[in-house]
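Colleague: I am attaching a structure below and will ask some questions about it afterwards.
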Ligand SMILES: [Zn+2]
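Residue numbers (our numbering): 1 to 66.
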């Protein structure tokens, strides 16, 4: 997910939400496009129920939802 006017650098992690110039990461998105809300380092997509953990600055899918 990329905000309006953002310049995306190739090193932006998968699922990272970045905005602005230079691109600044403000959060993470599920692969379905829903913004993820984290509890500690875990998140569950409110839309598709995919489960993620954040590890070493990377988002890892731990369970596929619907
Ligand atoms: Zn999702």
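C-beta atoms are modelled at their ideal positions from N, C-alpha and C, and glycine is treated no differently.
In three-state DSSP terms, what is residue 21?
Modeller: Locating residue 21 in the chain shown gives position 21, where the first residue counts as 1. In this structure, residue 21 counts as coil in the three-state DSSP scheme.
Colleague: Determine the direct distance from the alpha carbon of residue 30 to that of residue 55, and round the result to whole angstroms.
Modeller: Numbered from 1 along the chain shown, position 55 holds the residue referred to as residue 55. Numbered from 1 along the chain shown, position 30 holds the residue referred to as residue 30. The straight-line gap from Cα to Cα measures roughly 15 Å.
Colleague: Identify, in the order they occur along the chain, each residue of the same chain with its Cβ nearer than 6 Å to the Cβ of residue 48, setting aside the five sequence neighbours on each side.
Modeller: On the chain shown, residue 48 is found 48 positions in, with the first residue counted as 1. Closer than 6 Å at Cβ, skipping near neighbours: 32, 65 and 66.
Colleague: Quick one: Cα of residue 27 to Cα of residue 16, how far?
Modeller: Locating residue 27 in the chain shown gives position 27, where the first residue counts as 1. Locating residue 16 in the chain shown gives position 16, where the first residue counts as 1. So the two alpha carbons sit approximately 6 Å from each other.
Colleague: Regarding residue 34 and ligand 1, is the C-beta to nearest heavy atom distance less than 6 Å?
Modeller: Along the chain shown, one-based indexing puts residue 34 at 34. Answer for residue 34: yes, Cβ within range of ligand 1.
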